[in-house]
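For what it's worth, full-length UniProt numbering labels the leading residue of the sequence shown as 1, then goes sequentially.
For each residue, glycine too, the CB sits at the ideal point set by N, CA and C.
Contents: one structure, followed by commentary.
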Amino acid sequence: MPNRKLNSGAEDVAAYIANCPLSVQEVLEKLRTTILNAAPEAEETISYKMPAFRYYGMLVYFAAYKNHIGFYATPTGHKEFEKELAPYKQGKGSVQFPLNQPLPFALITKIVKFRAQENLANFQLKKKTKL
1 MPNRKLNSGA EDVAAYIANC PLSVQEVLEK LRTTILNAAP EAEETISYKM PAFRYYGMLV
61 YFAAYKNHIG FYATPTGHKE FEKELAPYKQ GKGSVQFPLN QPLPFALITK IVKFRAQENL
121 ANFQLKKKTK L
């Protein structure tokens, strides 16, 4: 059976989480809170049919699957933390956190903060070049 997303039709992040199985709702809510605590000015949205967060551009995404949580911090977010992410299955710009293990919330916080700083710096650079 393919490892498909558990919920891909929600209109907002709260609905996405609420429509997932109870067994993953708590971890998804904690992941959502972790992201918002790391980037308090980030805005929630749904993009590519999954929860996403914007802060001077797209910040991070996540999605629930049958056996893991997919976390997407774009290639730069993963490259910067490749040693810490080494124990997890990865793709270009994605990492899989198995549901049978605790999520590395401290690492997720560091990644989100890195991405927020990166997005802000890129925004400021673009702003300077336009002046």
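Roughly how many angstroms lie between the CA atoms of residue i and residue j, to the nearest whole one?
i          : j           : result
residue 82 : residue 126 : 27 Å
Can you tell which of the options has its C-alpha closest to the C-alpha of residue i?
i          : options     : result
residue 80 : 54, 13, 113 : 113
residue 38 : 24, 67, 55  : 55
residue 70 : 86, 116, 98 : 98
With DSSP as the reference, please indicate the residues paired to residue i in a beta bridge.
i          : result
residue 43 : 54
residue 89 : 96
residue 70 : 63, 96
Would you say residue i and residue j are within 8 Å of each other, going by their C-beta atoms?
i          : j           : result
residue 93 : residue 109 : no
residue 46 : residue 11  : yes
residue 72 : residue 62  : yes
Could you have a look at residue i and say whether DSSP puts it in helix, strand or coil?
i           : result
residue 103 : coil
residue 21  : coil
Taking only beta-carbon atoms, is residue i less than 8 Å away from chain D?
i           : result
residue 103 : The structure shown has no chain D; it contains just one protein chain.
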